[in-house]
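Report on the following structure.
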Amino acid sequence: MLEGYNTIITVIALGAILAYSFHVVLMAGQLSLGQAGFASLAAYTSTLVVPAEPIAGSISPVVVGLPVGAAVGAAAAFVVGLPVLRLRGVFLAIATIAFGEMVRVVVNNAEWTNGALGLRVDKWVTFDFAWIIVAVLAYLFWRLGPSRSGRAFAAVREDELAAGSMGVDVVRTRMASFIASGAIAGVYGVLFAYFFGRLTPATFDFSLTVNGLVTAVLGGYLVFFGPVLGAGFLTAVPEVQKALGLEAGWIHPLVTGALLLAVILFLPGGLSTLFSRMRPAPRRPGPDYAPLDALDPLPDRGTPIAEVRGLAKRYGAVDAVRGVDLEIRSGEVLGIIGPNGAGKTTLVNMISGLEPPTAGEGTILGVPLGSRPHRFAQAGVSRTFQHSKLFERLTVLDNVLVGTHVVSRPTYLRRLAWLPSARRDERRALALAWAQLERVGLADRAGLRPGALSYGDRRRLEIARALAAHPTLLILDEPAAGMNHVEAAELASLIRGLADDGVTVLFIEHNVKMVLEACTRLVVLDFGAVIAEGEPREVAADPRVVEAYLGAEAADDEETEHV
Amino acid sequence: MLQQLANGVFAGSIYALFAIGFTLVFGVLRHLNLAHPAVFTAGAFVGIEVAARTAIPVWILLPVVALFGALAGVLVERIAFRPLRGRDDEHFAGLISSVALGGIVIALLQARYGTEPQSFAMDYFPDRLFEVAGVRVTLTQLVTLGLALVLMVGLAWLVSATPLGRSMRAVAENPTAAKVLGVNVGRVTAGTYALSSALGTVAGALLALNLGQAGRDLGASIELVGFAVIILGGLGSLWGAMAAGVVLGIAEALTIHLFDSTWKSMVAFALLFAVLVLRPRGLFGHVKVREV
Chain Z
92 MLEGYNTIIT VIALGAILAY SFHVVLMAGQ LSLGQAGFAS LAAYTSTLVV PAEPIAGSIS
152 PVVVGLPVGA AVGAAAAFVV GLPVLRLRGV FLAIATIAFG EMVRVVVNNA EWTNGALGLR
212 VDKWVTFDFA WIIVAVLAYL FWRLGPSRSG RAFAAVREDE LAAGSMGVDV VRTRMASFIA
272 SGAIAGVYGV LFAYFFGRLT PATFDFSLTV NGLVTAVLGG YLVFFGPVLG AGFLTAVPEV
332 QKALGLEAGW IHPLVTGALL LAVILFLPGG LSTLFSRMRP APRRPGPDYA PLDALDPLPD
392 RGTPIAEVRG LAKRYGAVDA VRGVDLEIRS GEVLGIIGPN GAGKTTLVNM ISGLEPPTAG
452 EGTILGVPLG SRPHRFAQAG VSRTFQHSKL FERLTVLDNV LVGTHVVSRP TYLRRLAWLP
512 SARRDERRAL ALAWAQLERV GLADRAGLRP GALSYGDRRR LEIARALAAH PTLLILDEPA
572 AGMNHVEAAE LASLIRGLAD DGVTVLFIEH NVKMVLEACT RLVVLDFGAV IAEGEPREVA
632 ADPRVVEAYL GAEAADDEET EHV
Chain P
913 MLQQLANGVF AGSIYALFAI GFTLVFGVLR HLNLAHPAVF TAGAFVGIEV AARTAIPVWI
973 LLPVVALFGA LAGVLVERIA FRPLRGRDDE HFAGLISSVA LGGIVIALLQ ARYGTEPQSF
1033 AMDYFPDRLF EVAGVRVTLT QLVTLGLALV LMVGLAWLVS ATPLGRSMRA VAENPTAAKV
1093 LGVNVGRVTA GTYALSSALG TVAGALLALN LGQAGRDLGA SIELVGFAVI ILGGLGSLWG
1153 AMAAGVVLGI AEALTIHLFD STWKSMVAFA LLFAVLVLRP RGLFGHVKVR EV
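First to last, the protein sequences are chains Z and P. Residue numbers for the first sequence follow the numbering used here, beginning at 92 and rising by one. Residue numbers for the second sequence follow the numbering used here, beginning at 913 and rising by one.
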């Protein structure tokens, strides 16, 4: 039945495979466009290394060539990734395009590639073979989506800083997506060579890159079957036109361009938005899970968990933080107050690894200052941000699930094999996340996107996400900003409840009433230095604090003064 | 040798003219407009057609082309970028929508002009050959270089000293603040695209004048070099793009002189790669560090 359409069907498969090599980097938010270079290196290497005749009489060269190509693509991506992955956005895109073009020029000029004339190989790829590869890739991405690694990819895509603070190793995740992209591009290159039987440098030029990117985005990179849809669409459109008798050379690019434009303007998630049904609202996991019992116990009350000496941060000529000594003991609720610009956020950024200190030493839960954020998170530091950093294209529940990253085990490989233990681990993470949503009162909004939440709810969601990491030390940066006094009072009681559970809380706040209600110890910063420290009410009454924080005349205790 | 250098400077002036349009839009609006090469190509074709139909001299032809370019620029912004404003994936989507629009423009060119390259009439711009200190230059090359310089200086003046330029710089710094302070952001955006595309179309017409003809791949052939120029110059930096265009033109000419023309494009990309890895802000530019 499919006779006569074999070529078209195989071309769709090849287009989908190429698009998967873009899909995997777009999933992690990386605009990497070096796939043409990886495919080219892989295709040339495998056609030159693998014997042209069937090996051992029956194994076709493409079967041997595929792993060779994938390995070459992955290795090339790793080598290129080392210097290039420090770049982001457009810079990453252009650097990788430059790599692809350099490969093309070298291949074009080298002798072992036979230059611009290219190489000839036998055609070994049939349409069923190509579709088996597509099916394998689709399976790999289908299983990746709701796994711990899949959530890490999504978190890095949405917000690298927040992902790092939730314990995701951002550098490794980006590199993993880059290497996977290289491997898939390598597979594409090999399949291309053994399908068309011909390999020239011009095959792997910039237009290939544009095609792959367009296919991946058109199909939609948030859903695992996006690349297949995109490739089917882009291959089918010219065929339909041909069937309708619209053969004029310019109509095809015009219609393709117009359709592409329409999709990108009116279907923000790509074509896959048409096919993915609304996901059912997430439901409370069964009562048979008592996930909180299985977590590691928190340190005993009063144990020192962090100690820093002479901590300082200098930006150019500005001393944001100067010579701060700080000791934190388990179970306390430590408030940090100070006028705007006093260095409060800089201080907690250094304690959570977002910024390296200029001077000073010490450890937080055993992690030396200056380490990368995910190290602190893995050790048990969890935080929220002054300007909330939520993963905007994930649901409320998925946001909190990212928070469980450091207290759950990787599930992806076990999910591929459908091991029951993977399912158990995922359900445990779900139960943990759900418990935190209930704790902050957002369980009824679990299926929404953060954009649909009120300001106060967004702040609560961030706290739930931070709590899902089962932190020893929870850092809250102005959690009550923008909350009304009822919400602030609820927050204060939530914080006290956490302290009763043994969580150490460090929080920055301008709401003095809330600080006095919630914290057990108060530190006051001004111009980057500690000017007072101790029992909250005593510190708040200290004349120096009153002067620095409220201004000399405002000593009449304004409760919710926002300086 | 000197001849090669001169050729490099002429090629570089076209690169620069192409690239400042590119970089202007990025600098002000953070859009990478991938329809720019197609608009560049359209400029060449429109220039050739208008010249053939009206026989107007070149100093009238180029303003006509620029006017067409300005209109095209406004359309590009309206169609491919404005509808995406405020979306989560604004930047990815803008790349794709401008690629799509570029494809549409090229298809329309094919519909009107067919697949064959179009040529200026042989006697349209009587070319003369000068010889200065053993270096041969054509009148077209001199006009191109002179015009490129005038346009670039003019643009720099416009950005630094006129009300429109001031609004553009305000939008580049902070669109929201600019809006609050009464800058008509929509008009500035349209103006930026109009300027950018006017420069792009004039560059296309000038390149066609130098080559005598233009094919549909005119823009695609210069697109990647354009990327290299804007990165080398520092993304968003006008003076950087101008300098980098000329530097790249010379570097390519020297490569042809020392090695072989097939290695020509290697220079641009090797330089580009090295600069991105070692000094991402570009040779001449500076990049604002995003606040946490």
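Just so you know, even glycine gets a beta-carbon here, dropped at the ideal spot from N, CA and C. Model, not experiment: these values are computed from the prediction.
Under DSSP, the beta strand (DSSP E) around V951 (chain P) begins and ends at which residues? That residue, V951 (chain P), is in no beta strand (DSSP E); its alpha helix (DSSP H) goes 948-966.
Measure the alpha-carbon distance for M913 (chain P) versus I1016 (chain P) and round it to whole angstroms. If you take the alpha carbons of M913 (chain P) and I1016 (chain P), they lie about 42 Å apart.
Neighbourhood of G1046 (chain P) by C-beta distance below 7 Å, restricted to the same chain and skipping five residues each side: L914
With the cut-off set at 8 Å, would you say G321 (chain Z) and L362 (chain Z) are in Cβ contact? yes
Where A433 (chain Z) sits in the DSSP three-state scheme: coil
Tell me the rounded alpha-carbon separation between A229 (chain Z) and F316 (chain Z). 6 Å
Pick out the complete alpha helix (DSSP H) segments inside the region 1064-1097 of chain P, 4 residues or longer, and give them in chain order. 1075-1085, 1087-1092
So, helix, strand or coil for Y111 (chain Z), using DSSP? helix
So, using beta-carbon positions, are A1102 (chain P) and G955 (chain P) closer together than 8 Å? no
Output the distance between the C-alpha atoms of F1042 (chain P) and L1051 (chain P), rounded to the nearest integer angstrom. C-alpha separation (whole angstroms): 7 Å.
Return the residues of the region 344-367 of chain Z that lie within a Cβ-Cβ distance of less than 9 Å from chain P, sorted by chain order. P344, L345, V346, T347, G348, A349, L350, L351, L352, A353, V354, I355, L356, F357, P359, G360
Can you find a C-beta in chain P that's less than 8 Å from the C-beta of W341 (chain Z)? yes
Could you spell out the range, first to last residue, of the alpha helix (DSSP H) harbouring L1013 (chain P)? In the DSSP assignment, L1013 (chain P) falls within the alpha helix (DSSP H) that extends over 1002-1025.
If you run the structure through DSSP and keep just helix, strand and coil, what is V1204 (chain P)? Per-residue confidence for V1204 (chain P) stands at a pLDDT of 26, beneath the threshold of 50, marking its modelled position as unreliable; the derived number appears in the next sentence. Looking at V1204 (chain P) - three-state DSSP - the assignment turns out to be coil, as it is neither helix nor strand.
Reference V141 (chain Z); option with closest CA among Z:P541, Z:A284, Z:L492: Nearest option by C-alpha distance: Z:A284.
T475 (chain Z) classed as buried or exposed, judged by whether at least 16 other C-beta atoms fall within 10 angstroms: buried
Please check if any C-beta of chain P sits within less than 8 Å of the C-beta of M193 (chain Z). yes
At least three beta-carbon pairs within less than 8 Å, the region 609-616 of chain Z to the region 1111-1131 of chain P: Touching, no.
Quick one, which residues of the region 1171-1184 of chain P are near chain Z if we go by CB-CB under 7 Å, in chain order? T1174, W1175, S1177, M1178, F1181, A1182, L1184
What is the residue span of the alpha helix (DSSP H) that S421 (chain Z) lies within? Premise fails: S421 (chain Z) is in no alpha helix (DSSP H) and is neither H nor E.
Cβ-based contacts, 7 Å cut-off: residues of the region 483-495 of chain Z near chain P: Taking 7 Å as the Cβ-Cβ cut-off, the region 483-495 of chain Z approaches chain P at E483, R484, given in chain order.
For P174 (chain Z), return the contacting residues in chain P, with the cut-off set at a CB-CB distance below 8 Å. V1189
Can you tell which of Z:F287, Z:L492, Z:A433 has the C-alpha that lies nearest to the C-alpha of V409 (chain Z)? Looking at the Cα atoms, Z:A433 is the closest of the given residues.
In chain order, what residues of the same chain have a beta carbon less than 7 Å from the beta carbon of A143 (chain Z), not counting five sequence neighbours either side? P152, V212, D213
Under 9 Å (Cβ pairs) to chain P, residues found in the region 299-327 of chain Z: Using a CB distance below 9 Å, the part of the region 299-327 of chain Z facing chain P consists of V301, L304, V305, V308, L309, Y312, ordered along the chain.
For the beta strand (DSSP E) that T666 (chain Z) lies in, which residues bound it at each end? In the structure as shown, chain Z starts at 92 and stops at 654, and residue 666 (chain Z) therefore has no counterpart that could be examined.
Chain-ordered chain Z contacts of R999 (chain P) [CB-CB under 9 Å]: P359
Give, in chain order, every unbroken run of the beta strand (DSSP E) that is at least 3 residues long and sits entirely within the region 540-600 of chain Z. 564-568, 595-599
Spell out a yes or no on whether the region 117-132 of chain Z and the region 175-184 of chain Z are touching, meaning 3 or more CB-CB pairs, one atom from each, closer than 8 Å. yes
Euclidean distance between Cα positions of V439 (chain Z) and L481 (chain Z): 18 Å
Where in the region 214-269 of chain Z do unbroken runs of the alpha helix (DSSP H), each at least 4 residues long, occur, reported from the N-terminal end onward? The qualifying runs are 218-235, 239-249, 251-256.
Going by CA-CA distance only, name the one from Z:A254, Z:I270, Z:P448 that's closest to V170 (chain Z). Among Z:A254, Z:I270, Z:P448, the Cα nearest to that of V170 (chain Z) belongs to Z:I270.
Starting from D1039 (chain P), follow the beta strand (DSSP E) in both directions and report where the run begins and ends. Run containing D1039 (chain P): none; DSSP gives neither H nor E here.
Taking the alpha-carbon positions, what's the R1078 (chain P) to S1072 (chain P) distance? 7 Å
Please determine, among P:V940, P:I1018, P:L1150, the residue with the shortest C-alpha to C-alpha distance to G1066 (chain P). If we check each option's Cα against that of G1066 (chain P), P:L1150 comes out closest.
Would you mind stating whether Q1030 (chain P) and F957 (chain P) have Cβ atoms separated by less than 8 Å? In this structure, Q1030 (chain P) places its C-beta atom within 8 Å of the C-beta atom of F957 (chain P).
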